[in-house]
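*Asks:*
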Amino acid sequence: MRHYIYSLQSEKDLEKITDDIYEQDMLESATSVVLELFSAGKHKNILQRLSDFLIEKYPELPVEAVFVTTSPVREDDDVDKTTLVMMILENSEVTDIGSKKFRSVSEAKQDPLSGVYTRTEIERVFVKLVEEAGVLNSALVLLDIDKLDQINVSLGHDAGDYVIRKTADIIKQILRDSDVIGRWESEKFMILLRDVDAESTTSVSERIREKIETEDFADVKDVTASFGATLITPGLSCEEIFEKADRALAMAKENGRNRFEML
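Next comes the structure, spelled out in structure tokens:
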């Protein structure tokens, strides 16, 4: 797979992209193209125009176009930032990688209890972000609800399920449209943040942690969560990246819970 990334300021930038496609003969051995536009909405029409261009000029080539609405993590972030990522799949990759990306949505994507992605679906997104490492800056955050097993024992599983559902709702309220959340285990969530650095990853995680700590969970008192995070770094495998975040989560637990740690 080949990645090309463009920062867009105006529709004139579309000419540079189409020129590159022709001059560099980018699509000579391509079997599929994925376009992802990350923007607050200002240049959404560019994605449609580029998609139409590819369909017209390369009618036999499958084109997948995805628009991802973004918003600033911090107040000083550039709200007008627009990034286009073009991923080109070639020959043998279609059977392997392509089947993962474009498979029929026959599996259940949504966890029935929490309403977020299932482990299978969030893992698929995680693998994709690892493949894109170096093109877009992303981060993996693991959130573990503290002492959920004690809540289940003392108050019953209905209370535990209520905490899981409400925790998921809190996370979704704070995350941007471009971020993704899934339920990894009973009390553990996986959060994938796009277009972030260490500072903004910490900021988002701390907002979620503080919201959970101060939220009213009805009859369940003192609900907190621990966090472990790491940036998705080029050159590392999915297993290595997950292991770093999991070690950070273990540190948060060992240091008293209701904490955020990052490696």
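Per this note's numbering, residue 79 is the first one in the sequence shown, and the count goes up by one each step.
The beta-carbon is built from N, C-alpha and C at its ideal position, and this holds for glycine as well.
All of these numbers come straight from a predicted model, not from anything done at the bench.
Using 8 Å as the threshold, is the region 192-207 in touch with the region 283-299, meaning 3 or more CB pairs across them?
*Replies:* Flag = no, the region 192-207 and the region 283-299 do not touch.
*Asks:* What residues in its chain sit with their C-beta under 7 Å from that of D258, if we drop five residues either side in the sequence?
*Replies:* Before going on, a small fix: residue 258 reads as Val here, not Asp. Y195, I200, V203, L270.
*Asks:* Taking buried to mean at least 16 other C-beta atoms within 10 Å of its own C-beta, is I95 buried or exposed?
*Replies:* It is buried - the Cβ of I95 has at least 16 other Cβ atoms within 10 Å.
*Asks:* Ordered along the chain, which non-local residues of its own chain (more than five positions away) have a Cβ less than 7 Å from that of A237?
*Replies:* Counting only Cβ-Cβ distances below 7 Å, and skipping sequence neighbours, we find I229, D297, V298.
*Asks:* What does the alpha-carbon distance come out to for the pair E263 and E138?
*Replies:* Their backbone Cα atoms lie some 42 Å apart in a straight line.
*Asks:* Taking the CB atoms as reference points, tell me whether K187 and L221 lie closer together than 8 Å.
*Replies:* Cβ atoms of K187 and L221: not closer than 8 Å.
*Asks:* Return helix, strand or coil for M329, following the three-state DSSP convention.
*Replies:* Helix at M329.
*Asks:* For L75, which of M164, M104, F338 has the nearest alpha-carbon?
*Replies:* Limits of the chain in this structure are 79 at one end and 341 at the other, which puts residue 75 out of reach.
*Asks:* Apply the 10 Å Cβ neighbour rule to D273 and answer buried if 16 or more other Cβ atoms are within range, or exposed otherwise.
*Replies:* Result: buried.
*Asks:* Could you tell me the alpha carbon to alpha carbon distance between I249 and I290, rounded to whole angstroms?
*Replies:* Taking the straight line joining both Cα atoms gives about 9 Å.
*Asks:* On the premise that F338 lies in contact with T280, defined as a C-beta separation below 8 Å, what is that separation, rounded to the nearest angstrom?
*Replies:* Indeed they touch by this definition, with Cβ atoms about 6 Å apart.
*Asks:* For a minimum of 4 consecutive residues, which ranges assigned as the alpha helix (DSSP H) are wholly contained in the region 228-268?
*Replies:* Runs found: 235-252.
*Asks:* What separation, rounded to the nearest whole angstrom, lies between the Cα atoms of L341 and F131?
*Replies:* When rounded, the distance between both Cα atoms is 43 Å.
*Asks:* Output needed for V213: all residues of its chain with C-beta closer than 7 Å, excluding positions within five of it in sequence on either side, in chain order.
*Replies:* Cβ within range, chain order: H81, I83, V163.
*Asks:* With 16 as the cutoff for other CB atoms within 10 Å, does D189 come out buried or exposed?
*Replies:* Buried, since its Cβ has 16 or more Cβ neighbours within 10 Å.
*Asks:* For I83, which of helix, strand or coil comes out of DSSP?
*Replies:* Of the three classes helix, strand and coil, the one that applies to I83 here is strand, per DSSP.
*Asks:* Please classify D130: does DSSP put it in a helix, a strand, or coil?
*Replies:* In this structure, D130 counts as helix in the three-state DSSP scheme.
*Asks:* When burial is assigned at 16 or more other CB atoms within 10 Å of the CB, is Y100 buried or exposed?
*Replies:* Classification for Y100: exposed.
*Asks:* Within 10 angstroms of the Cβ of A217, are there 16 or more other Cβ atoms? Answer buried if so, exposed if not.
*Replies:* Buried is the call here.
*Asks:* Give the DSSP-derived three-state secondary structure of I310 in the structure shown.
*Replies:* I310 falls in the coil class under three-state DSSP.
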